[in-house]
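Comments concern the structure below.
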Amino acid sequence: MDPKDVAKHQRALDVVHSMTYFVPETQEHLVAAGLRPGRMCYFAGRAAPMGAVAAGVVAATFYNFNPELVARHVPRAWTLATPEAVVAARFTSVDAALRRLLGDAADAPEVAEAAVLAREASTACTPEGRPLYAGHADLEWPQSPLLELWHATSLLREHRGDGHVAALVAAGISGLDALVTHCATGRGFTVPAAQLSRGWSAEAWDAAEDGLRERGLLDAEGGLTDAGVALRTEVEDVTTRTAAAPWEHLGEDRSARLADIGRDLTRRMNEVGVFPAGTFSTPR
């Protein structure tokens, strides 16, 4: 399968999973399970499938967060709610959020169709070298098509994400460097949103930019140089190649069908404002 199609299909499904990090239902249900409001819900919610892991494990697998921010919430989260309780609350929150965002479409035949396709694609994912994916893959499959679709998209996304981290490490790009260079592409977070959500100070950000300029990857204005573009392109190409197996397993026609449904669901969620204004540099 053409790597460009692999990347395109993955992007078509991303919002089905990633909406959970922005909707109020997530905090509502995870706080009800015992967690504290705020960043603890994100770190514990995403890490819970790996068990009661330490802050270092969360920082390593999530990659671009300030470890000091992570350590303020983990492992304390596990003294307030067990990983099993957090996983259960997360699924409950996802069901509530998707039903609010999609309305009647949440129970449409296309959702059930997409759930079958995405689950089939996920059977080609492998856990070797992919700790965050492996934790999610060990969870029991939910019974409803809506949650089955969300869980399958989570597996595909974390599988790709683990491979992306490996590609960044191989390219000599730290977590903060990855964040800075991604923002410099103009296709990800805005700089203020990235600094706030990932816990990096303006001083740390400036220091990272200076280091990237010394390596010839950023220009004076903070944009990517030709070398910076080439390095980011290489990382994305490696990431896509190592994430291709699920889509190749599904085949071109069924992959395209799953992506079409994903784009329709994304359009519906964007229409009701799933992401806060100013979060991303370009419309999602």
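Residue numbers (the working numbering): 1 to 284. We treat Cβ as the ideally placed atom computed from N, Cα and C, and that holds for glycine.
Evaluate residue i with the Cβ neighbour count: other Cβ atoms within 10 Å of its Cβ, from every protein chain shown; 16 or more gives buried, anything less gives exposed.
i: Ala227; result: exposed
i: Val306; result: In the structure as shown, the chain starts at 1 and stops at 284, and residue 306 therefore has no counterpart that could be examined.
i: Arg130; result: buried
i: Leu196; result: exposed
i: Gln143; result: exposed
i: Gly56; result: exposed
i: Pro276; result: exposed
i: Arg160; result: buried
i: Thr240; result: buried
i: Pro145; result: buried
i: Arg157; result: buried
i: Trp141; result: exposed
Does residue i come out as helix, strand or coil in the three-state DSSP assignment?
i: Glu189; result: Note on residue identity: the sequence assigns Phe, not Glu, to residue 189. Strand at Phe189.
i: Leu139; result: coil
i: Leu217; result: coil
i: Gly199; result: coil
i: Leu101; result: helix
i: Arg36; result: coil
i: Ala96; result: helix
i: His182; result: helix
Going by C-alpha to C-alpha distance, which of the options sits closest to residue i?
i: Arg257; options: Met40, Glu110, His73, Gly38; result: Glu110
i: Gly51; options: Asp95, Arg72, Glu84, Ala59; result: Glu84
i: Ala114; options: Glu148, Asp95, Arg198, Ala44; result: Glu148
i: Leu231; options: Glu68, Ala184, His9; result: Ala184
i: Leu265; options: Ala71, Val238, Trp150, Glu28; result: Trp150
i: Gly163; options: Met40, Leu102, Thr61; result: Thr61
i: Pro75; options: Arg39, Ala89, Leu102; result: Arg39
i: Ala97; options: His17, Gly223, Val238, Thr123; result: His17
Name, in chain order, the residues that DSSP records as bridge partners for residue i.
i: Leu224; result: Leu218
Can you list, in chain order, the stretches of the alpha helix (DSSP H) that have 4 or more residues and sit fully within the region 113-179?
-> 131-137, 145-170
Hey, which unbroken runs of the beta strand (DSSP E) at 3 residues or more fall wholly within the region 4-68?
-> Runs of the beta strand (DSSP E) inside the region 4-68: none found.
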